[in-house]
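Here the structure is laid out as C-alpha cells; the discussion comes afterwards.
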Amino acid sequence: ASKKKGGNCFTYFTPRMQEHAEFRMGLSHDLRQALGKEEFFLEYQPVVDLQTNMVVKAEALLRWKHPTKGLIPPMDFIGIAEDNLLIVPIGEWVFNSAIAQCRQWRQTLHPMFQVAVNKSPVQFAAEHRKKEDWLFEMAKNHQEGNMLVVEITERLLLDGSSQVSERLAQYQQAGVQVALDDFGTGYSALSYLKKFPIDFVKIDRSFVRELGTSSQDAALCRAIIVMAHSLGMQVVAEGIENQRQLLMLQEMGCDFGQGYYFSPPLGPEAFALWHHEWHQHPAILSR
Ligand code: C2E
Ligand code: MG
Ligand code: MG
Ligand code: MG
Numbered sequence: 637a638s639k640k641k642g643g644n645c646f647t648y649f650t651p652r653m654q655e656h657a658e659f660r661m662g663l664s665h666d667l668r669q670a671l672g673k674e675e676f677f678l679e680y681q682p683v684v685d686l687q688t689n690m691v692v693k694a695e696a697l698l699r700w701k702h703p704t705k706g707l708i709p710p711m712d713f714i715g716i717a718e719d720n721l722l723i724v725p726i727g728e729w730v731f732n733s734a735i736a737q738c739r740q741w742r743q744t745l746h747p748m749f750q751v752a753v754n755k756s757p758v759q760f761a762a763e764h765r766k767k768e769d770w771l772f773e774m775a776k777n778h779q780e781g782n783m784l785v786v787e788i789t790e791r792l793l794l795d796g797s798s799q800v801s802e803r804l805a806q807y808q809q810a811g812v813q814v815a816l817d818d819f820g821t822g823y824s825a826l827s828y829l830k831k832f833p834i835d836f837v838k839i840d841r842s843f844v845r846e847l848g849t850s851s852q853d854a855a856l857c858r859a860i861i862v863m864a865h866s867l868g869m870q871v872v873a874e875g876i877e878n879q880r881q882l883l884m885l886q887e888m889g890c891d892f893g894q895g896y897y898f899s900p901p902l903g904p905e906a907f908a909l910w911h912h913e914w915h916q917h918p919a920i921l922s923r
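When the letters of the sequence shown are read in order and numbered with the UniProt record's numbering, they come out as residues 637 to 923.
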C-alpha cells in the first residue's frame with residue numbers, strides 16, 4: 637500500500653495486518669494439502685432461462701471445508717491459490733468434477749445440461765505450457781465439449797494477448813462456450829466484445845442489486861442487454877434476489893437469471909431435488 641501512495645508516505649504494519657498476514661500464510665500452507673485430503677467440493681447454482689423457466693445450466697462454485705477453520709469462502713482463498721499457483725491443480729480438479737457431474741446430469745436431469753466453471757487469468761497463463769488433455773478429447777467429441785461454459789473476466793482480455801485468443805478459439809472449436817463474468821465492473825473496453833468469441837455476458841450483481849431503486853442501474857442493465865444481443869451474445873443476470881428484479885430483467889429481454897430468489901448454490905443431491913421440484917411447479921416464478 638505504501639508503494640502505491642508514493643515514496644513520501646509511510647504505512648505502519650499494524651497488529652491487525654500482522655494477524656491478516658499470518659492467517660494468509662496459514663491458509664497458503666493448508667491449501668497445499670487440501671486437494672490430497674479431499675477438502676474441496678463443488679456447489680451448483682441453477683441458471684434459469686427467463687423466457688421458458690427451464691433450468692438446463694448450473695454454475696459450479698468451489699468450496700473449501702478447512703479441517704479446523706470451517707468453510708472458507710472462495711474470495712478468501714482463490715487469491716492465495718493464484719499467488720502460489722495451486723489454482724492450477726485445483727482448477728483441474730474443478731473442471732474434472734464439473735464434467736463428471738454434468739455427464740451424470742445429462743442422463744438424469746436433461747440431455748443438454750451444461751455446467752459453467754470459473755477460470756482466472758492465472759490459470760490461462762499457466763496452462764499454455766502444457767496442453768490440456770481434456771480439451772483435445774472434447775475437440776474429438778463435440779458432445780462432451782458442449783457440456784462446458786468457461787467463465788472468464790474482463791481482466792483476462794485486457795492485454796489482448798494472442799495466447800488468450802488462441803485458447804478461446806480452441807474452446808470454440810471444441811464446443812466449449814465462453815461467458816464474460818462480472819460484466820461492467822472491470823475496464824469495459826467494449827472493443828474486446830467483438831474481438832473474442834464470447835457467447836454470454838453476465839451482468840454483475842452490483843447492477844442487479846439496485847435495479848428497483850436506481851434508474852441509472854436499470855438503464856445500464858438495459859443497455860448491456862441491447863448491446864449484447866446486437867452482437868449476437870446472450871445475457872445472464874447474476875444476483876437476482878427478488879421478484880421485482882426478475883420482472884424488470886424479463887421485461888428487458890434478459891435471457892438467463894441466477895440468484896437467491898431462485899436458489900442459492902447447492903450440493904449435487906440438493907440440486908437434483910431442487911431441479912425436480914422446480915420443473916413440477918414452474919408457477920413458482922409468479923409466487
Ligand atoms: P462469481 O463467479 O461471480 O460467482 C457468483 C457469486 O455470487 C457466488 O459467490 C455466488 O454464491 C454468489 N451469489 C449467487 N447468487 C447470489 C445472490 O442472489 N445474492 C448474492 N449476494 N450473492 C449471490 P461465491 O460462491 O462466494 O464465489 C465468489 C467468487 O469466487 C466467484 O464469483 C468466482 O469469481 C470465484 N470462484 C468460485 N469458484 C471458483 C473456481 O472454481 N475457480 C475460480 N478461479 N474462481 C472461482
Ligand atoms: Mg462466475
Ligand atoms: Mg459472476
Ligand atoms: Mg461476481
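Even glycine gets a Cβ: it sits at the ideal position worked out from N, Cα and C.
Distance check for residue j and residue i, CA to CA, integer angstroms please.
i	j	result
Gln654	Arg660	10 Å
Pro900	Glu802	34 Å
Asp818	Val844	11 Å
Val751	Pro651	43 Å
Gln687	Ile735	26 Å
Phe731	Val786	10 Å
Cys738	Gly781	11 Å
Ala762	Val753	17 Å
Glu877	Gly895	6 Å
Glu905	Ala855	39 Å
Trp700	Glu674	9 Å
Leu792	Gln813	16 Å
Leu902	Asp719	28 Å
Lys641	Thr789	In this prediction, Lys641 has a pLDDT of 47, which is less than 50 and means its spatial position is unreliable; nothing more can be read from the coordinates.
Ile723	Val758	8 Å
Arg923	Gln879	At Arg923, the pLDDT of 42 sits below 50, so the modelled position is not reliable and the matter cannot be decided from this model.
Leu671	Met711	18 Å
Asn689	His665	44 Å
Val683	His746	13 Å
Leu784	Lys755	12 Å
residue 946	Gly727	The chain is shown only over 637 to 923; residue 946 falls outside these bounds and no answer can be derived.
Leu667	Asp853	38 Å
residue 613	Leu794	Residue 613 is absent from the model: the chain starts at 637 and stops at 923.
Leu816	Leu804	12 Å
Phe713	Trp729	16 Å
His911	Trp741	10 Å
Ala864	Ser827	12 Å
Gly662	His702	11 Å
Spell out the partners DSSP gives residue i in its beta bridges.
i	result
Gln681	Glu695
Leu707	Lys701
Ile788	Leu816
Val871	Val837
Val751	Ala694, Leu784
Leu902	Tyr680
Phe892	Asp685, Val872
Which whole-angstrom value is the C-beta distance of residue i and residue j, which I expect to be below 8 Å?
i	j	result
Thr821	Ser842	6 Å
Gly715	Met774	29 Å between Cβ atoms; not a contact.
Phe907	Ala694	7 Å
Phe892	Asp685	6 Å
Leu829	Gln881	Their Cβ separation, rounded to whole angstroms, is 24 Å, which puts Leu829 and Gln881 out of contact at 8 Å.
Tyr748	Val691	Note on residue identity: the sequence assigns Met, not Tyr, to residue 748. That pair is no contact at about 11 Å.
Gln806	Leu771	6 Å
**Request:** Could I get the ranges of all uninterrupted beta strand (DSSP E) runs contained in the region 807-861, with 3 residues as the minimum, in chain order?
**Result:** Annotation note: the region 807-861 contains the following uninterrupted beta strand (DSSP E) runs of length 3 or greater, listed N- to C-terminal: 813-819, 836-839.
**Item:** Touching by the beta-carbon criterion (3+ pairs, under 8 Å), the region 872-891 and the region 830-842
**Value:** Output reads yes: the region 830-842 touches the region 872-891.
**Request:** Check whether the region 879-887 touches the region 676-683, counting contact only when three or more Cβ pairs, one atom from each stretch, lie closer than 8 Å.
**Result:** Contact fails: fewer than three Cβ-Cβ distances are below 8 Å.
**Request:** Answer yes if the region 851-862 comes into contact with the region 896-916, meaning at least three C-beta pairs across the two stretches below 8 Å, and no otherwise.
**Result:** The region 896-916 vs the region 851-862: no contact.
**Item:** Touching by the beta-carbon criterion (3+ pairs, under 8 Å), the region 700-716 and the region 786-804
**Value:** Segments in contact, no.
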